[in-house]
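Quick note on our numbering: the sequence shown kicks off at 248 and runs consecutively.
Below is one structure; the comments refer to it alone.
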Amino acid sequence: MTTRPHMGFARMVATVLCCLAPWASGVWAQTSGASSDSVTYNLPFPHDNADPYNPTEFPGGVSLQWPSNFNYGVVYNPVTGMYEVQQTIGDTLLFRPSSMFSLDEYLDYNIEGNLSEFWNELQEEEDAADKAFAPKLEIDSELFEMIFGSNEIEIKPQGTAEITLGYTWNNTENPRIPERQRRAGAVNFDQRIQLNIGGSIGDKIELGTQFNTESLFDFENQMNIGFQGEEDDILKNIEAGNINMPLNSSLIVGSQSLFGVKLETQWGRLYNTTVFSQQKGERSEIEVEGGAQTQEFDIRADDYEANRHYFLSQYFVDQYDVAMRSLPVPNSGAMINRIEVYVVNTQANTQDVRNVVAFTDLGEHPDYVSTNLPLGSLTDNTSVFDGALLEPATEATPNRAPSNFNNDLFRSLTLDEGVMNFTGANVAISQSTLGSSLKQGVHYERVGNARKLSPSEFTFNSRLGFISLRQSLNNAEVLAVAYEYTLDGETYQVGTLSQDGYAAPGSLILKMLKSSVTQVKLDNGDQAPLWRVMMKNVYSMGAFGVSNEDFRLDVWYNDPNSG
């Protein structure tokens, strides 16, 4: 006995009424025997299933499922030679009288049911295909089918995409910060995409793409398109995208991590493989001895660390070679005691910020002043502060050492209220005696809310007079300093230190080491002072923890005159 799914309870009630209908009709006939006309009744719950012998085959609608003990089956009766369709409750209780089929009737009934079930399955598959995200596309073209082997295009995308969009608004209630800089907003946009695309064009082209925004390496994102030819085709295989070219040889090593086009052809008994690609990886050999890595490096003269190391003055530039002749102890009589370093506030910090006005020639000896400035206007003033200066402004320091009193810039700037109030600095400078000669970005910079670097963000050599930043500056950033040092028993200062009583929001007068404009030469053709103070002799080997054991450094110089 075979069983099939069950139907709702309401249809079971309808079946019971159907079984009782002949008995009810007989009772009515006995009661109204005097009437010669027969009475026809329509059952209130007619059976409208596609299979009247198995009501559970098509439950449909909102009817309840048939009870679990309802069974349906077909049994062959060898005595009568008939097939009996039985509907029972449990194992023995007949739910309704059995239906009889001859062999031919049962075969017709069974074939009809199988065909109906077959067509229903096909309809369900077609409905599911129509609802798919990427159904197959059929191209009605004989040329397309001849080239690609089939007229179907199938794309199967899989993956997830998550996009986050937000906006951050900051409002800082700090009266020391200019009004426009108190409010800042930024758009936050983040995306996480993990996408795999597979597909085919006909029977000859296969597509494959793998993309993940959170991949650690670029080579993890793959894209490949492949064309597979027939056995008798000259063009056997075409690959485009991420390819490789393995070689069955120990003499010549094949290439991996290639991005390009790979062609495989056959000309009779000649097999040819051609690759047009870009190498997206590299091959390297590492030698390790005693737990340490031995590696060769090659550095060109122009591979120095730019915008990171600076001399504090042109005086220290000239003294550098002299002091380094007596290594390991530099021959320098200078000792820097205090130093403050300021840069453009790109991090929107509110701590340790000051308004600064920085000058290229501040504290420079007349021999080092920019050659495109009138030197006489900087050195012909003999006035001094009221007891504030230790020496006259016209007396330059010995040995051309930097000092605020080497020229008149410091005196004239600190006496100008427009410059010291910062807001009117540009107007005050333009109206000064050097106003027509001083150019912003070349001779001076005005920076609001400049950030003072912490001691962990830079280092300085107190004997040789240079600083090294932990991070290189961008070309448009400004670098300025103020420092105090001792030379031959005398103390000198360049610029104004914040510790000396110059309160905010007033200006600090600083020595500029880098401006927002990179200038190699002045407009008169001479070397720019800012380009000269930037150190161009510091190189990075790309390693740390270097041991002096087995360390070898060869310096090669090619004389352009002798070759």
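Here a beta-carbon is modelled for each residue, glycine too, at the ideal position from N, C-alpha and C.
Model, not experiment: these values are computed from the prediction.
- The Cβ atoms of serine 684 and serine 659 lie no closer than 9 Å to each other.
- In the DSSP annotation of this structure, the continuous segment of the alpha helix (DSSP H) that includes alanine 675 starts and ends at 672–677.
- Under the criterion of beta carbons closer than 8 Å, serine 560 and glutamate 611 qualify as touching, at roughly 7 Å.
- A residue is called buried once 16 or more other Cβ atoms fall within 10 Å of its Cβ, and threonine 743 is buried on that count.
- Taking the Cα positions, glutamine 513 is about 23 Å away from glutamine 503.
- Excluding residues up to 5 positions away in sequence, Ile490, Val522, Phe523, Ser524 and Gln525 lie with their Cβ nearer than 7 Å to the Cβ of glycine 507 in the same chain.
- Here tryptophan 803 is exposed. Its C-beta has fewer than 16 other C-beta atoms within 10 Å.
- Here lysine 758 is bridged, per DSSP, to Phe606 and Val728.
- From the listed residues Ile394, Glu409 and Asp747, the smallest Cα separation to isoleucine 452 is found for Ile394.
- In the DSSP assignment, the residues bridged to valine 588 are Val728.
- The beta carbons of leucine 510 and valine 590 sit about 55 Å from each other, so the pair does not count as a contact at 8 Å.
- Put simply, of Gln334, Asp770 and Gly792 the residue whose alpha carbon is nearest the alpha carbon of asparagine 619 is Asp770.
- Residue environment analysis places asparagine 596 among the exposed positions, since fewer than 16 neighbouring C-beta atoms fall within 10 angstroms of its C-beta.
- Contact annotation: alanine 729 and valine 741 have beta-carbon atoms nearer than 9 Å.
- In the displayed model, aspartate 351 falls within a helix according to three-state DSSP.
- The beta carbon of asparagine 418 lies closer than 7 Å to those of Arg429 and Arg430 in the same chain, with the five residues before and after it left out.
- Between the stretch 722–736 and the stretch 567–578, the count of Cβ pairs shorter than 8 Å is below three; the stretches do not touch.
- Ranking Phe391, Ala672 and Ile546 by CA distance to the CA of tyrosine 691 puts Ala672 first.
- Two segments are said to touch when three or more pairs of C-beta atoms, one from each, lie closer than 8 Å; by this definition the stretch 441–461 does not touch the stretch 593–609.
- Residues of the same chain with a CB within less than 6 Å of the CB of isoleucine 546, apart from the 5 flanking positions on each side, are Tyr786 in chain order.
- For tryptophan 416, the enclosing beta strand (DSSP E) covers residues 399–418.
- Taking every protein chain shown into account, the CB of arginine 799 has fewer than 16 other CB atoms within 10 angstroms, so this residue is exposed.
- Rounded to whole angstroms, the gap between the alpha carbons of isoleucine 410 and phenylalanine 458 is 15 Å.
- Taken through DSSP and simplified to helix, strand or coil, asparagine 421 comes out as coil.
- If you draw a straight line from the Cα of leucine 517 to the Cα of glutamate 478, it comes to about 14 Å.
- When the beta-carbon positions are compared, asparagine 696 and isoleucine 424 come within less than 9 Å of each other.
- In the DSSP assignment, aspartate 565 falls within the alpha helix (DSSP H) that extends over 561–570.
- Residue Gly449 holds the alpha-carbon nearest to the alpha-carbon of leucine 390 among Gly449, Phe657, Gln598 and Ser763.
- If you draw a 10 Å sphere on the C-beta of methionine 571, you find fewer than 16 other C-beta atoms in it, and that means exposed.
- Tyrosine 739 places its beta carbon less than 9 Å from that of alanine 648.
- Between valine 689 and the set Thr335, Met759 and Arg710, the nearest pair of CA atoms involves Met759.
- Here threonine 541 has Glu534 as same chain residues with Cβ atoms under 6 Å from its own Cβ, once five neighbours each way along the sequence are excluded.
- Comparing alpha-carbon positions, the option among Phe464, Gln746, Phe657 and Phe317 lying closest to leucine 340 turns out to be Phe317.
- Distances from the CA of proline 344 to each of Lys783, Val780 and Glu331 were compared; the closest alpha carbon is that of Glu331.
- Beta-bridge partners assigned by DSSP to methionine 582: Thr733.
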